[in-house]
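In my numbering, the protein residues as written are 92 to 247.
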């Protein structure tokens, strides 16, 4: 399977991302007459109990880690940049990570924090338990926009 260069503006728009996802899925299908290999996280396969898709987003923010962590753990502060109803904290390890249940609890996110020189931090969000490629594209778009809002608010 080859690699595809997806335009940055397509990542933020699920409708523009769909053709790229279709192209990637088509490239992953076996040639006629060849047997398909079972692949974990294959969106074309019927989901099994432990199989799912995941989305990962990373951003660097120029703010001290304690302040950034507070923006994630405070429900009121989180509502200012993460515009998703019914997100609840499952577990938080101070200044290291936070686990969130997403809406109905069928998917969840893990945000991991690390520090860089100059008072900057990196946040890596991994959203797991996603069952469909279209849902993955929507969640990726939500995280991209939300992390941009967080960065803008924190770096004021």
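Just so you know, even glycine gets a beta-carbon here, dropped at the ideal spot from N, CA and C.
Small disclaimer: the values here were computed from a predicted structure and weren't measured.
ask   = Given a threshold of 16 other Cβ atoms within 10 Å of its Cβ, counted over all protein chains shown, does residue 143 qualify as buried or as exposed?
value = buried
task = Taking the CB atoms as reference points, tell me whether residue 175 and residue 214 lie closer together than 8 Å.
result = no
query = Thinking C-beta only, is residue 245 closer than 8 Å to residue 159?
reply = yes
key: Cutoff 6 Å; reference residue 179; Cβ partners in own chain excluding five residues on either side   = 192
ask   = With contact counted as at least three CB pairs below 8 Å, one residue from each stretch, are the region 209-226 and the region 145-156 in contact?
value = yes
key: Euclidean distance between Cα positions of residue 220 and residue 198   = 5 Å
ask   = Helix or strand or just coil, what does DSSP make of residue 191?
value = strand
query = Do residue 206 and residue 147 have their C-beta atoms within less than 8 Å of each other?
reply = no
request  = Compute the beta-carbon to beta-carbon distance between residue 161 and residue 168, rounded to the nearest angstrom, for a pair I have assumed lies under 8 Å.
outcome  = 6 Å
Start-end ranges of the alpha helix (DSSP H) lying completely within the region 161-246, minimum 4 residues = 166-172 and 224-245
request  = Enumerate in chain order the residues of its own chain whose CB-to-CB distance from residue 247 is below 8 Å, with the five nearest sequence positions on each side excluded.
outcome  = none
query = Per DSSP, which one or two residues make a beta bridge with residue 145?
reply = 219
key: Close beta carbons around residue 183, own chain, < 7 Å, minus the five adjacent residues each side   = 164 and 189
key: Beta-carbon proximity list for residue 187, same chain, < 8 Å, skipping 5 on both sides   = 203 and 204
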